[in-house]
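Using the numbering used here, the first residue of the sequence shown is number 13, and each one after it goes up by one.
Data block below; observations after.
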Amino acid sequence: MATGAAPVEQCLTGTPWAIRLGQAAAKRPALEMYEAETLVDVVVRSSVAPQMLRGARRGVSRGRPCAIAWGRLPADSTLPVVLFTGGRWAGRKQRAEVIAIGGFCWLAVAYGRFTTVGVEHVPMSATRLAVTAAGVLAAAHAAPAVTSIGPLRRRLFPGLAGVGEPGHVALTFDDGPDPRSTPAFLAALREYEVKATFFLLGRMLKAAPDLGRELAESGHEIAVHGWEHRCMLLRGPAATYDDLARAMESIVQVTGTAPRRYRPPTVC
13 MATGAAPVEQ
23 CLTGTPWAIR
33 LGQAAAKRPA
43 LEMYEAETLV
53 DVVVRSSVAP
63 QMLRGARRGV
73 SRGRPCAIAW
83 GRLPADSTLP
93 VVLFTGGRWA
103 GRKQRAEVIA
113 IGGFCWLAVA
123 YGRFTTVGVE
133 HVPMSATRLA
143 VTAAGVLAAA
153 HAAPAVTSIG
163 PLRRRLFPGL
173 AGVGEPGHVA
183 LTFDDGPDPR
193 STPAFLAALR
203 EYEVKATFFL
213 LGRMLKAAPD
223 LGRELAESGH
233 EIAVHGWEHR
243 CMLLRGPAAT
253 YDDLARAMES
263 IVQVTGTAPR
273 RYRPPTVC
């Protein structure tokens, strides 16, 4: 029997069943199924081939007949299709809503007078996998560029929008090093003994390497802004990687500093 269990689901409110998550031997996660406060099953997380359907019960919830079924999730963690059969018409089938529990079990509840339950594993198709992977990659590629959109940055990443501790100010400069303006910034920062963060463009550093070295030697933080000032949303992952890698390599070679921060260009 699992130990240290605690209630984790409220979806069974009003039914005679309850579930708890706990630990079995060797601290393996385990799900306990109760009926009228009596333990009826313990499902332990296991690496062996899962037994899809562990059990099913009929009962009454607030005067309505109902049924429950539970089991282990398949290896790919996709939720199974659960069909309850019976009711007033023997051939009636009802597809139940299935929820995942603890990352290794599933649970399904349906209302009606059912006599049997069927469980089917529908693996994720190669097409669905490809679409899912493409969506994840697109989101990962777009995420840094999204921070360049002011309203989204302030709402989702307040720290990147300058919202921080009261009484603290962080000075940052983009698009340099520019011989027309950076020397003036350096002089003013030196006069007031203030340090800042400079987000450098690789092509600008190539044109003014001595100015880039002076920034680092003056104790300012060196960060990456890209090689070209182009919006990531309009570029593919490969082009974006090449741009950032080229900028990083140039900054390390010229300044001897490995940047820890990156700011995407804000113009799309």
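Cβ atoms here follow ideal geometry from the backbone N, Cα and C, with glycine treated the same way.
Distance, Cα to Cα, residue i vs residue j?
{"i": "Val129", "j": "Ala42", "result": "23 Å"}
{"i": "Phe169", "j": "Phe126", "result": "50 Å"}
{"i": "Thr139", "j": "Pro28", "result": "With a pLDDT of 49 at Thr139, under the threshold of 50, the modelled position of that residue is not reliable, and no figure is offered here."}
{"i": "Ala250", "j": "Leu256", "result": "10 Å"}
{"i": "Leu95", "j": "Ser73", "result": "19 Å"}
{"i": "Ser89", "j": "His237", "result": "40 Å"}
{"i": "Gly67", "j": "Arg107", "result": "17 Å"}
{"i": "Arg202", "j": "Thr252", "result": "35 Å"}
{"i": "Asp186", "j": "Pro178", "result": "24 Å"}
{"i": "Leu33", "j": "Glu44", "result": "6 Å"}
{"i": "Arg69", "j": "Arg272", "result": "57 Å"}
{"i": "Gly282", "j": "Lys39", "result": "Here the chain has residues from 13 to 280 only, and residue 282 is not among them."}
{"i": "Phe225", "j": "Ala112", "result": "One detail in the question is off: residue 225 reads as Arg in this sequence, not Phe. Cα to Cα, the separation comes out at about 55 Å."}
{"i": "Gly115", "j": "Thr278", "result": "40 Å"}
{"i": "Leu227", "j": "Phe211", "result": "11 Å"}
{"i": "Ala300", "j": "Ala235", "result": "As displayed, the chain neither begins before 13 nor continues past 280, which places residue 300 out of reach and without an answer."}
{"i": "Tyr282", "j": "Thr184", "result": "Nothing about residue 282 can be read from this structure; the chain reaches only from 13 to 280."}
{"i": "Glu132", "j": "Pro92", "result": "6 Å"}
{"i": "Gly231", "j": "Pro163", "result": "32 Å"}
{"i": "Leu24", "j": "Glu109", "result": "13 Å"}
{"i": "Asp254", "j": "Glu205", "result": "36 Å"}
{"i": "Gly98", "j": "Ala79", "result": "11 Å"}
{"i": "Ala87", "j": "Cys117", "result": "11 Å"}
{"i": "Glu49", "j": "Ala182", "result": "58 Å"}
Could you spell out where the beta strand (DSSP E) holding residue i opens and where it closes?
{"i": "Ala58", "result": "One point to set straight first is that residue 58 is Ser, not Ala, in the sequence displayed. No beta strand (DSSP E) holds Ser58; DSSP gives it neither H nor E."}
{"i": "Asp255", "result": "Careful: Asp255 lies outside any beta strand (DSSP E), inside the alpha helix (DSSP H) at 249-267."}
{"i": "Ala30", "result": "29-35"}
{"i": "Cys78", "result": "76-84"}
{"i": "Leu43", "result": "41-47"}
{"i": "Thr128", "result": "126-132"}
{"i": "Trp118", "result": "117-123"}
{"i": "Ala112", "result": "109-113"}
{"i": "Glu233", "result": "233-238"}
{"i": "Val72", "result": "67-73"}
In terms of alpha-carbon separation, which member of the options lies closest to residue i?
{"i": "Val56", "options": "Arg76, Ala68, Gln35", "result": "Gln35"}
{"i": "Ala81", "options": "Ala250, Ile31, Gly268, Pro191", "result": "Ile31"}
{"i": "Gln265", "options": "Leu217, Tyr274, Gly83", "result": "Leu217"}
{"i": "Thr267", "options": "Gly238, Trp118, Arg76, Glu233", "result": "Glu233"}
{"i": "Lys207", "options": "Leu65, Ala199, Leu91", "result": "Ala199"}
{"i": "Gly83", "options": "Thr50, Lys105, Ala120, Tyr253", "result": "Ala120"}
{"i": "Arg242", "options": "Pro221, Glu229, Leu213, Ser230", "result": "Leu213"}
{"i": "Tyr123", "options": "Lys105, Val131, Leu65", "result": "Lys105"}
{"i": "Gly188", "options": "Arg166, Ala219, Cys117, Gly71", "result": "Ala219"}
{"i": "Met260", "options": "Ser193, Trp239, Gly231", "result": "Trp239"}
{"i": "Pro221", "options": "Val52, Phe197, Ile263", "result": "Ile263"}
{"i": "Arg215", "options": "Ser58, Pro191, Pro77", "result": "Pro191"}
Go ahead and pull the three-state DSSP assignment for residue i.
{"i": "Ser89", "result": "coil"}
{"i": "Val181", "result": "coil"}
{"i": "Thr139", "result": "Per-residue confidence for Thr139 stands at a pLDDT of 49, beneath the threshold of 50, marking its modelled position as unreliable; no derived number is given."}
{"i": "Leu217", "result": "helix"}
{"i": "Leu167", "result": "For the record, residue 167 in the displayed sequence is Arg; it is not Leu. Helix."}
{"i": "Leu24", "result": "coil"}
{"i": "Phe211", "result": "strand"}
{"i": "Ala270", "result": "coil"}
Along the chain, where does the alpha helix (DSSP H) that runs through residue i open and close?
{"i": "Pro195", "result": "194-203"}
{"i": "Leu223", "result": "221-229"}
Are any of the Cβ atoms in chain B nearer than 8 Å to that of residue i?
{"i": "Trp239", "result": "Absent here is chain B; the protein component of the structure consists of one chain."}
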